[in-house]
Amino acid sequence: MSKLIATSQAPQSSGFRQFLNFFKADSLPHRVRLISGRYLTLRRIISWPLLLACFLTPWLTWNDLPLVHFDLVAKQFRMGTVIFWSEDLMVLTWAMLAGAFGLFFVAMVSGRLWCGFSCPQTVWTFLFIRLEEIIEGSRHKRLKMDRQPWSIEKVLRKSIKHISWISLSLWTGITFISYFYPLEVMAHDFGQSDLAGMGLFWILFLAVMTYLNAGFLREQVCTHMCPYSRFQSVMSDKSTLVVQYDEPRNDCIDCKVCIHVCPTDIDIRDGMQLACIACGACVDACDSIMEKINKPTGLIAFRPGESTMKEALDLKQRPRLVGYALAFLLSVSLIGFQVASRDVIQLSLERDRNSLYRINVNDEVENGFSLKMHNKTQQDMAVRLLITDNTQGFKISQKKFNIPAGQRQQFPLFISLPLPASGSSSALKLSSRTAINIEVIAEGIEQPINEMSTSFFTPNIQ
Ligand code: SF4
Ligand code: SF4
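Reminder that position 83 of the sequence shown reads as 83 in UniProt numbering, one-by-one numbering, no gaps.
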């Protein structure tokens, strides 16, 4: 096992200074070299589907509506046929818990794996570096051009690069905002020169942040701005896989390719560092060098921090890891349960606060209520109310209701019971309070879809 040196490299320059230095020929920013290998392939396998899903989803529709829409005005989140309303907040709670436990699990398995393979900061930074390489050439050519005085070619290449970065940033801003402000509406408003102020602000804000973070600040975000880097170390144990340099092997030829490819500009040969985002680029780089000089690969590799691979795979020794996995699975199960058990019609039956009961013109005891119904589906619904076990003959003032898709409606509702003749032996045995259960039946399918309970109050009759 390699000797571990706990170091944390000081930044070579602050983010803002680096941003300014970017334009100076005598103070060059870190130019990342892209290198192929298994970890680059793995990052592509993980990040490309995420990127495609992110950029394509706003273009997809379902029943002429956006497939995914966070509708802040209507306080609903629509995903295909499922609509989540503000009262379904528990789903969000379980989703956040699942995300947190999933992240804890991954961090304990292999440190900042999330940072290196799926974090938007890393994914967009690598996209920007790829554009830079296509337009300005390899790392060597980029460094050479940086040192050269300004020329027409240099101005042209740098201008094209920044135009491509700005275009990608704007596209990113539009894409993210389109989850809240559907593309069709946005395009219509833009055509009418009526793009909502807040919408325009957030598009430009996200575009500027993308341009600065992925184009200039890059590793400074990972090392100084991201809170995850600060607390992820408490989630690791001695068996967490971390990128390590195997110093005792003594095979290093000091080619420095592992530094050139590092997006956070560190030398992993100095030991484990907080800034390492576990992207595996230095592993790919060093493996390719070792293959060229006919030495075994793995001089830099993912290895357990302070134990052996056998110990790392022994789950009995890692109860915290098992706990995170179980908590993640439980949270995911609760999301599924919460979604499956959601009411399609949300009900609320509130009693008339002015009187418990009254005698109406038909000599019936009557209780007044306010019935609120919320159709949480995307289809209009016709429902009817049915009092279950109605041996006493309760009557409902209105039984049938039509609730348009996604609408909340409120109705006055009266439940009544004929007043028995005083002293009659056949009189219903009325107590002052009778429990009532009401089922809501969906017309067409004739199935109960929800139910509600209340009490019916009467005067005491002897
Ligand atoms: S040291 Fe290696 S794994 Fe860590 S960030 Fe740099 S290139 Fe990626
Ligand atoms: S890539 Fe490998 S051989 Fe080259 S400097 Fe880094 S550790 Fe040494």
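For glycine and all other residues, C-beta sits at the position ideal for the given N, C-alpha and C.
In terms of Cβ geometry, R157 and R31 do not form a close pair [threshold 8 Å]. Annotation: K144 is outside any beta strand (DSSP E); the continuous alpha helix (DSSP H) that includes it extends over 139 to 147.
For V242, the enclosing beta strand (DSSP E) covers residues 241 to 245. At the C-beta level, C286 and V243 stay beyond 8 Å of one another. With 16 or more other CB atoms across the displayed protein chains lying within 10 angstroms of its CB, C279 is buried.
Using a Cβ-Cβ distance cut-off of 8 Å, the region 333 to 341 and the region 40 to 60 are not in contact, since fewer than three pairs of beta carbons, one from each stretch, lie closer than that value. Between T223 and T264 a beta carbon distance of about 6 Å is seen, short of the 8 Å cut, so the two are scored as contacting. If you ignore the 5 residues before and after A214, its C-beta comes within less than 6 Å of the C-beta of W124, T125, F128, all in its own chain and listed in chain order. The beta carbon of V106 sits no closer than 7 Å to any heavy atom of ligand 1. Put simply, the backbone Cα of E87 is about 48 Å away from that of V261. Within 7 Å of the C-beta of C255 there is at least one heavy atom belonging to ligand 2. Residue pairing from DSSP places G368 in a beta bridge opposite F414. Distance from L347 to M452 at the Cβ level is roughly 5 Å; contact confirmed, criterion being Cβ atoms closer than 8 Å. A contact between stretches requires three or more CB pairs, one per stretch, nearer than 8 Å, and the region 288 to 301 meets this requirement with the region 239 to 259.
Counting only runs that start and end inside the region 222 to 289, the alpha helix (DSSP H) elements of at least 4 residues fall at 227 to 231, 257 to 260. For A405, the secondary structure class from DSSP, reduced to helix, strand or coil, is coil.
Pairing Y39 with D284 gives a Cβ-Cβ distance under 8 Å. A301 is bridged by DSSP to Q244.
Put simply, the backbone Cα of C258 is about 10 Å away from that of I35.
For M272, the closest of D251, D254, S233 by C-alpha to C-alpha distance is S233.
Under DSSP, the beta-bridge partners assigned to F77 are F70, F84. Look at V344 here: in three-state DSSP terms it is coil, with no helix or strand label. Looking only at I163, M373, A382, the smallest Cα-Cα distance to Q407 is reached by M373. Bridge partners of V440 according to DSSP: L385, N450. Using a Cβ distance threshold of 8 Å, F394 and F401 do not count as a contacting pair. If you compare the alpha carbons of L413, T434, N375 with that of D389, the shortest gap goes to T434. Inter-residue distance for P182 and D71 is about 9 Å (C-alpha atoms, whole angstroms).
Short note on C276: C-beta not closer than 7 Å to any heavy atom of ligand 2. If you check the C-beta of L299 against ligand 2, you find a heavy atom less than 7 Å away. CA-to-CA, the gap between I177 and H69 works out to about 10 Å.
The secondary-structure analysis by DSSP pairs H374 across a beta bridge with Q346, R408.
Distance between G37 and A281, taken at the CA atoms: about 8 Å. By the beta-carbon neighbour count (other beta carbons within 10 angstroms, threshold 16), R43 is buried.
Minimum Cα-Cα distance from Y357 among the listed residues I266, S455, Q447 corresponds to S455.
Secondary structure of W62 (DSSP, three-state): strand.
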